[in-house]
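A short worksheet on the structure shown next.
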């Protein structure tokens with residue numbers, strides 16, 4: 009749609025004119041066209057490729073997705089969506105925690121991929137501004153509605169807190185701490201750039217170039233971000249280096265919850281080497297974190313009362329199990345071809361442990377992408 013629209017509008021007076029009528033036309037385009045499309049894309053990412061992906065990853069007779077619900081996006085409806093699933097007694101609280109947080113886990117990945125496309129082009133497409141803002145701040149929006157949504161309606165972050173506190177009982181997580189931590193997500197320059205690009209497009213029809221810090225021939229930006237894990241909140245320091253059209257992302261992360269300290273680092277460069285129309289990239293992750301408690305507890309899952317305050321005297325898992333940690337890693341190679349339309353293949357391996365967007369257990373990694381340009 010972006011290519012078709014650009015072909016018909018880019019050279020017309022409507023695209024660049026400063027008259028009130030033309031500005032109203034561009035505003036209507038963003039508000040009535042691109043905003044609902046972006047909103048729906050984020051909700052689909054959250055439900056199908058977030059909750060749905062983690063349910064499919066766990067499965068093994070423990071949990072199965074029943075279906076997805078989507079409301080019409082604003083301004084035509086209330087927006088939002090839901091994922092319904094069946095559970096068995098074999099499901100664990102750690103797996104339920106990972107399902108509850110999977111929606112905001114997946115939208116954070118969508119935000120990263122959107123930034124990568126912008127950094128490759130060195131400019132922000134204002135038609136994707138709402139896509140980025142909704143995906144980057146999905147976690148903030150959920151945390152902000154904890155006191156608004158009734159318990160009977162279900163809430164991802166409320167379920168995350170409940171299942172996490174049933175698993176790790178030395179110290180409990182509460183919504184006040186999450187709300188305080190979530191403010192750090194505003195330390196993101198791309199948020200300001202996206203908002204500015206939206207209004208600039210309405211005013212003059214032009215895209216916004218990305219201001220960056222020059223360092224020895226490279227351009228640099230960074231941000232901090234709150235993320236969730238099956239064992240507690242963690243904080244990311246995310247860094248972006250760009251030279252030409254080759255963005256490189258690397259991060260450091262860490263957190264502390266219920267007596268456990270955990271952290272990690274990683275790097276992602278989708279197009280590190282170029283050979284004619286071919287690109288070769290890589291993704292690397294390393295971490296030290298609590299061992300995932302995916303073995304069944306003495307109490308069947310369906311008999312656990314999630315609304316009751318967890319007991320520190322009779323926890324589902326012993327103290328030694330709650331505080332056992334391990335080192336882990338993940339790595340993959342990325343091969344892509346681009347000449348107009350193109351494809352991308354990613355293959356790799358990971359160890360047991362949590363890396364966003366990958367299986368919880370040790371497993372191979374395989375992804376296939378196809379991009380259509382016209």
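In the working numbering, the protein residues as written are 9 to 382. Idealized CB from N, CA, C, for every residue including glycine. Predicted, not measured: the structure shown is a model, and the values here were computed from it.
Practice prompt. Can you grab the Cα-Cα spacing for the pair residue 203 / residue 115, in whole Å?
Written response: 18 Å
Worksheet item: When you compare each of 84, 172, 28 and 34 to residue 238 by their alpha carbons, which one comes out closest?
Response: 172
Discussion item. Report the CB separation of residue 175 from residue 324 in whole angstroms; it is logged as a contact under 8 Å.
Written reply: 7 Å
Worksheet item: Okay, do the region 265–280 and the region 305–314 touch, 3+ Cβ pairs below 8 Å being the bar?
Response: no
Practice prompt. Confirm, please, whether the CB-CB distance from residue 112 to residue 60 is below 9 Å.
Written response: no
Item to complete: Would you identify the three-state DSSP class for residue 312, choosing helix, strand or coil?
Response: coil
Discussion item. By the DSSP assignment, the beta strand (DSSP E) with residue 141 in it spans what residues?
Written reply: From DSSP, residue 141 is part of no beta strand (DSSP E) but of the alpha helix (DSSP H) over 137–144.
Worksheet item: Taking one C-beta from the region 34–44 and one from the region 203–223 each time, how about it: are there three or more such pairs within less than 8 Å?
Response: yes
Fill in: Inter-residue spacing [alpha-carbon to alpha-carbon] between residue 75 and residue 230
38 Å
Item to complete: State the DSSP-derived secondary structure class of residue 156, mapped to helix, strand or coil.
Response: coil
Discussion item. Please report the straight-line C-alpha distance between residue 128 and residue 137, rounded to a whole angstrom.
Written reply: 16 Å
Worksheet item: Are there three or more Cβ pairs, one per stretch, closer than 8 Å when the region 194–209 is compared with the region 341–358?
Response: no
Fill in: Meets three-Cβ-pair contact criterion under 8 Å: the region 117–127 and the region 311–319
no
Worksheet item: When DSSP labels each residue in this structure, what does residue 332 get in the three-state scheme?
Response: coil
Worksheet item: Just to confirm, are residue 100 and residue 342 a CB contact at a threshold of 9 Å?
Response: no
Worksheet item: Closest by CA to residue 225, which one among 374, 96 and 253?
Response: 253
Discussion item. For the alpha helix (DSSP H) containing residue 68, name the first residue and the last one.
Written reply: Looking at the DSSP string, residue 68 is not in any alpha helix (DSSP H), and its letter there is neither H nor E.
Practice prompt. On a CA-only basis, which of 85, 77, 69 and 279 is nearest residue 98? Give me that one, please.
Written response: 69
Practice prompt. Mind checking which residues open and close the beta strand (DSSP E) that includes residue 298?
Written response: 286–298
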